[in-house]
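First the structure, in the form of structure tokens, and then the observations on it.
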Ligand code: GLV
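In my numbering, the protein residues as written are 1038 to 1360.
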């Protein structure tokens, strides 16, 4: 019997390609450059499975042009790039990579927070510009975190991991979520459940960890920034459209909030020029999960999901329709 065919839409760690190759014929894009929609369909037209990346838009049109497809294994925990309802209608399983990127992403939320709260980027530039002539008492004053309130929007795995780190930094942790989590998790993380309005008004740092859905699009916009403390920092390692990017730039420029650490953008890879020009802002190119260990585990997890479906088993990490 001919081996099944798997298309991999972008460069991924070698370990995952080797695992797939033991079970299937692999058509892998060797470049870390995404396919155009036309290229995607031309590679996937006869594929039994697809390993997709968050840069691929897998909509009904793409799925309908790939009649043999049984599974789309997204190498990401988020899956807003896939029309899950269309896939379900056409009998195509969708999988994601939860769990393996929790610590890497939580670490990166903290990297952004510490960078913006302690002026790491301007300080680095200052030294490189050879302006460091003498130790100074009154320059580069940042914000102290111990004793302040860390607000977490979205208390899934990553939100909880950010809370644990917050506790380690001596912060008081509050969270808002679509539902209150189990008491044991609240006790372990030290996080207190609040409503969104309290979260906005009380947080000295607000870190976003909600998935992108119709309900969370523009979770933060002008009205929400107006409720926040002028001393607050906003950190986004979730998905760009969770923040109204133009409103964020306005809030930073007007002083409605003090700073932001932003890893994801509303129209990635484009960044609103007003945000590029905003003060006290640290920007990164969507690298929350980018450690060698985590990216390897993510790709391996996607490969395992593909292999399970091709063998007629239930995938390990199926995505189910929530809305
Ligand atoms: C990355 O953004 C992911 O969803 O895994």
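We put the beta carbon where it would ideally sit given N, CA and C, even for glycine.
{"Asked": "Considering only their Cβ atoms, is the gap separating residue 1243 from residue 1277 smaller than 7 Å?", "Found": "no"}
{"Asked": "If you follow the alpha helix (DSSP H) that residue 1080 is part of, which residue opens it and which one closes it?", "Found": "1074-1081"}
{"Asked": "Report the residue from 1107, 1092, 1057 whose alpha carbon sits nearest the alpha carbon of residue 1081.", "Found": "1107"}
{"Asked": "Among the candidates 1105, 1213, 1053, whose CA atom is the shortest distance from the CA of residue 1041?", "Found": "1105"}
{"Asked": "Run through DSSP, which three-state label would residue 1322 get?", "Found": "coil"}
{"Asked": "Can you tell me the Cα-Cα spacing of residue 1147 and residue 1039, whole angstroms?", "Found": "48 Å"}
{"Asked": "Under the criterion of a Cβ to heavy atom distance below 6 Å, does residue 1109 qualify as lining the ligand GLV?", "Found": "no"}
{"Asked": "At a threshold of 6 Å, does residue 1277 count as lining the ligand GLV (C-beta to nearest heavy atom)?", "Found": "no"}
{"Asked": "What first and last residue would you give for the beta strand (DSSP E) that runs through residue 1097?", "Found": "Element bounds for residue 1097: not the beta strand (DSSP E) but the alpha helix (DSSP H), 1097-1101."}
{"Asked": "Report the three-state DSSP secondary structure of residue 1056 (helix, strand or coil).", "Found": "helix"}
{"Asked": "Using DSSP bridges, identify the partner residues of residue 1229.", "Found": "1211"}
{"Asked": "Considering only residues of the same chain and omitting the five flanking positions on each side of residue 1129, which have a CB-CB separation below 7 Å?", "Found": "1100, 1106, 1107, 1108, 1109"}
{"Asked": "Measure the alpha-carbon distance for residue 1271 versus residue 1073 and round it to whole angstroms.", "Found": "33 Å"}
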